[in-house]
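Here's the structure, in structure tokens; my notes come after.
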Amino acid sequence: MPDLVIAIGGGTVIDIAKLIRICSVQRDSPSDIAVGRGTIEQRGIPLIAVPTTGGSGSEATHFAVVYVDQSKYSVAHEYVLPDAAVIDPRLTYSMDPIQTASCGLDAFSQATESFWSVNSSRASRGWAAEAVRLAFDNIERAVHTPTEVSREAMSRAAHLAGRAINISKTTGPHALSYALAAHCGVPHGHAVALTLGSFFEFNSRVTTADINDSRGVAYVQDNLTELCSLLRVETAPEGSQVITSLMNSIGVETRLSSFAITRKSDCREIAESVNVQRLANNPRQITQDQLVEILMSLR
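This note's numbering numbers the first residue of the sequence shown as 614 and each following residue consecutively.
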């Protein structure tokens, strides 16, 4: 048994290392633990996480994603959280513009979703707000003309977004992202960002009839107003437009038609594969038909 696990890499590498540290000391098999049939009883081998992408924030979360027989599972437990993390922006210098854009959008989206999540707290919103600000102000430079300052800002944004979702978890855009990534063949961060602006608008129309946050409609509206301020706009539709403009500015496609998703049946298939658990974190309840409408509007 090793004395220590050190994970150096992106979110997938760190997630696998989390599972190694946990599964190596449990009585149940790794596959049972991954699919939720097993029990995590021991903390496991000490783990130091060293992210190299400035995107996932996995070094700051107590959950890990793993695929078993081509099905995606998320393992969540306090013992999954790494014991320490080393954030060195210099490790992200070798990322090309496409990687930088996708990872940066993942951090930006996680922070945005965390801010409006029904599980948000004062602490998570503070971290999320700073992550939104850092990512929004620095992602273009990090993609096109990276500097030490922009790389450091994106690494910090990713870490803070990770700390935020460790409390709040993610919401609608992440719920849709896995099916979109599979259909479109795009990186995770790009897939999440495709619907981020649409959910911004959708959530802004929350009413007492479909509120999903026990703190009420006014509370959700106040959070969205604060998000608008962070994006330097006045309304959610303007915020949605700014997100689309940001994606265009870093060379990321924003229309599903670019990935041959043009039929309602395609949108229905994607909507039917959504992770319902993540939708429960969204501040506004959403039906499968409304998911299809969002996807149809992005064609």
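Ideal Cβ placement from N, Cα and C applies to all residues, glycine included.
Rounded to whole angstroms, the separation of the alpha carbons of Pro695 and Asp645 is 21 angstroms. Looking at the DSSP output, Ser687 bridges to Val678. Non-local C-beta neighbours of Asp616 in its own chain, meaning closer than 8 angstroms and more than five positions away in sequence, comprise Ile658, Pro659, ordered along the chain. The continuous stretches of beta strand (DSSP E) do not include Val819, and DSSP gives it neither H nor E. The C-beta of Glu765 has 16 or more other C-beta atoms within 10 Å across all chains shown, which makes the residue buried.
Looking from the CA of Lys631, the closest CA among Phe813, Arg640, Ala673 belongs to Ala673. Under the DSSP assignment, Val745 falls in the alpha helix (DSSP H) whose first and last residues are 735–757.
For Ala873, no beta strand (DSSP E) run applies, since DSSP gives it neither H nor E. Assignment of Ala697 by DSSP, reduced to helix, strand and coil, places it in the strand class.
Residue environment analysis places Gly717 among the buried positions, since at least 16 neighbouring C-beta atoms fall within 10 angstroms of its C-beta.
Looking at the backbone, the Cα of Glu851 and that of Val688 are separated by about 36 angstroms. Taken through DSSP and simplified to helix, strand or coil, Leu632 comes out as helix. In this structure, the straight-line span from the alpha carbon of Ser790 to that of Val805 is close to 5 angstroms. In this structure, DSSP gives Gly622 an extended state, which the three-state scheme calls strand. Look at Arg897 here: in three-state DSSP terms it is strand. Within the same chain, Cβ atoms closer than 7 angstroms to the Cβ of Arg738 are found at Phe728, the five residues on either side in sequence being excluded. One thing to note: Thr783 has its Cβ no nearer than 8 angstroms to the Cβ of Asn861. Under the three-state reduction of DSSP output, Val855 falls in the helix class.
In this structure the segment 824–835 does not lie against the segment 744–759, because fewer than three pairs of beta carbons, one per stretch, are closer than 8 angstroms.
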